[in-house]
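In the working numbering, the protein residues as written are 127 to 518.
The structure under discussion appears below in the form of structure tokens.
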Amino acid sequence: MDGGGVSAVAPGDAKGLLRALVATDSRNPELVPGAPGEGAIARQLAEILRSWGMRVELQDAAPGRPNVIARAGKAGAGRSLMFNGHIDVVAVDGMAHSPFDADVRDGRLYGRGASDMKAGVAAMCAAAYRAAAEGLSGELVVAAVVDEEFKSAGTKALVESGIKTDAAIVTEPTRLTIMPAHRGFTWVTIECRGHAAHGSRYDLGVDAILHASHVMTALADFEREELTTHTHALLGHASMHAGTITGGAGWSTYPETCRLEIERRTLPGESAEQVVGEIQGVCDRVRQRQATLQATVQHVFSQLPSDVAVDAPICKALSESLKRRGEPVRVAGMSAWTDAALLNAAGIPAICFGPGDMTLAHANREWVELSEVDRACDVLADLALAWCGSRD
Numbered sequence: 127m128d129g130g131g132v133s134a135v136a137p138g139d140a141k142g143l144l145r146a147l148v149a150t151d152s153r154n155p156e157l158v159p160g161a162p163g164e165g166a167i168a169r170q171l172a173e174i175l176r177s178w179g180m181r182v183e184l185q186d187a188a189p190g191r192p193n194v195i196a197r198a199g200k201a202g203a204g205r206s207l208m209f210n211g212h213i214d215v216v217a218v219d220g221m222a223h224s225p226f227d228a229d230v231r232d233g234r235l236y237g238r239g240a241s242d243m244k245a246g247v248a249a250m251c252a253a254a255y256r257a258a259a260e261g262l263s264g265e266l267v268v269a270a271v272v273d274e275e276f277k278s279a280g281t282k283a284l285v286e287s288g289i290k291t292d293a294a295i296v297t298e299p300t301r302l303t304i305m306p307a308h309r310g311f312t313w314v315t316i317e318c319r320g321h322a323a324h325g326s327r328y329d330l331g332v333d334a335i336l337h338a339s340h341v342m343t344a345l346a347d348f349e350r351e352e353l354t355t356h357t358h359a360l361l362g363h364a365s366m367h368a369g370t371i372t373g374g375a376g377w378s379t380y381p382e383t384c385r386l387e388i389e390r391r392t393l394p395g396e397s398a399e400q401v402v403g404e405i406q407g408v409c410d411r412v413r414q415r416q417a418t419l420q421a422t423v424q425h426v427f428s429q430l431p432s433d434v435a436v437d438a439p440i441c442k443a444l445s446e447s448l449k450r451r452g453e454p455v456r457v458a459g460m461s462a463w464t465d466a467a468l469l470n471a472a473g474i475p476a477i478c479f480g481p482g483d484m485t486l487a488h489a490n491r492e493w494v495e496l497s498e499v500d501r502a503c504d505v506l507a508d509l510a511l512a513w514c515g516s517r518d
């Protein structure tokens with residue numbers, strides 16, 4: 127499939143749409159220099175959804191990188207619902223199969239983005255078509271967004287445009303498990319400064335790398351003694367790890383600087399300010415033992431956690447849809463960060479539910495069970511009709 131023709135995808139065909147989407151290279155240019163981005167796949171999807179009878183607009187989240195916003199039903203006449211999913215993918219280096227051939231073998235479709243998360247996008251679009259064909263009293267919004275794999279410029283632009291719905295499903299890969307909560311994250315740098323000197327001059331040199339090792343040991347103690355007590359019913363405990371460490375100039379020189387990049391995974395209720403304060407406190411305690419320590423802590427970037435109550439209306443409605451479709455009802459926490467956090471922060475209760483397996487995301491082998499795509503589509507169509515109201 128060349129991924130370019132509307133006629134290649136029959137209305138409401140989730141598997142056909144998935145093949146078209148996976149066959150279109152949409153690597154995020156912020157992650158892969160020179161990558162094509164989401165322009166081609168957004169235009170392709172917009173054309174398909176228009177041909178399926180939806181009201182479609184393209185919204186530039188960044189130059190040449192548009193969100194696709196499709197609508198069905200009638201605004202203001204009943205409850206509204208958003209289906210949200212991202213259309214960008216990560217790099218393909220080292221993949222064990224062709225990333226964009228959308229090969230089907232043994233009931234699985236293989237390709238970059240198959241699981242994360244073009245299967246979810248295909249299922250939600252086909253579900254929207256099927257629900258619209260039944261007739262909706264309220265409005266269903268389908269948002270296929272850019273840049274989730276980097277800094278979520280797509281959903282940020284969506285929220286900033288003022289779009290509002292009564293609830294949202296983010297169709298990330300959950301193996302058809304309801305996931306109402308996920309952790310956030312905060313990135314912090316710690317720069318330790320020493321004094322450069324010849325390796326023989328212990329009387330002059332101050333070892334910045336050694337100081338960084340004292341800080342890392344103290345951070346490990348803080349995680350073990352404190353962060354393991356910060357818990358959430360679905361998400362376990364908070365955590366922290368070092369992403370990178372850089373420093374030093376050569377064998378025979380005391381290192382003047384050493385830089386640590388720390389990621390702290392946050393639970394609902396925790397903030398970036400809290401994290402920076404924790405890490406600064408750890409450095410201050412090390413300084414009490416190591417008077418020559420100079421450590422500068424700086425916040426770099428963060429994304430909020432996401433949390434919707436398991437008995438919230440959207441969770442209950444999705445549970446009932448699963449039951450009606452003969453599916454098991456499972457509830458768990460999501461391991462990865464998703465755009466659900468941005469929607470929740472904007473006042474739109476958003477939970478994750480979709481086909482695919484998050485353990486295959488970004489992997490050298492990525493695939494999705496095609497039967498799961500159809501099952502997800504059935505459940506989402508049922509949910510849209512129940513939530514927005516059908517015109518019988």
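Virtual Cβ for every residue (Gly too), placed ideally from N, Cα, C.
What number of angstroms, rounded off, separates the C-alpha of residue i from the C-alpha of residue j?
i      : j      : result
Ala259 : Ala253 : 10 Å
Ala507 : Ala168 : 22 Å
Val216 : Lys290 : 29 Å
Glu498 : Val332 : 59 Å
Ser133 : Glu173 : Note that Ser133 scores 49 on pLDDT, short of 50, meaning its location in the model is unreliable and no value can be drawn from it.
Gly190 : Ser241 : 25 Å
Leu509 : Leu345 : 45 Å
Asp433 : Arg491 : 31 Å
Gly515 : Arg450 : 16 Å
Ser263 : Gly204 : 6 Å
Asp504 : Glu274 : 25 Å
Ala417 : Cys409 : 11 Å
Glu399 : Trp313 : 11 Å
Leu143 : Pro137 : 9 Å
Pro225 : Thr150 : 10 Å
Below 8 Å on the Cβ atoms is my contact criterion, and I expect residue i with residue j to pass it. Report the Cβ-Cβ distance as a whole number of Å.
i      : j      : result
Glu495 : Gly233 : 6 Å
Val247 : Ile213 : 6 Å
Ile316 : Val423 : 6 Å
Glu349 : Met366 : 5 Å
Ala472 : Val285 : 4 Å
Along the alpha helix (DSSP H) that carries residue i, what are the first and last residues, could you check?
i      : result
Asn470 : 466–471
Pro439 : 439–450
Ile405 : 398–415
Under 6 Å Cβ to Cβ from residue i, same chain only, skipping five residues before and after it: list those, please.
i      : result
Ala161 : Arg153, Pro155
Leu175 : Val182, Ala196
Report yes if the C-beta distance between residue i and residue j is below 8 Å; otherwise report no.
i      : j      : result
His308 : Thr485 : no
Ala187 : Trp513 : no
Met221 : Thr297 : no
Ala467 : Gln429 : yes
Gly310 : Leu266 : no
Lys325 : Asn193 : This sequence places Gly at residue 325; Lys is not what is there. Not closer than 8 Å, so no.
Ala245 : Gly459 : no
Ile440 : Met208 : no
Kindly list the residues whose CB is nearer than 7 Å to the CB of residue i, restricted to its own chain and excluding five residues on each side of it in sequence; keep chain order.
i      : result
Ser287 : Gln185
Tyr255 : Pro137, Gly138, Trp178
Which residue marks the beginning of the beta strand (DSSP E) containing residue i, and which one marks its end?
i      : result
His212 : 207–212
So, for residue i: in the same chain, excluding its five sequence neighbours on each side, which residues have a beta-carbon less than 8 Å away from its beta-carbon?
i      : result
His321 : Leu330, Gly331, Val332, Tyr380, Glu382
Asp128 : Only weak support is given to the placement of Asp128: the predicted model assigns it a pLDDT of 41, under 50, and the value that follows is read from those uncertain coordinates. These residues qualify, in order along the chain: Ala134, Ala149.
Checking contacts by CB at 8 Å: is residue i closer than that to chain C?
i      : result
Arg390 : Within the model displayed, chain C is absent; a lone protein chain is all it includes.
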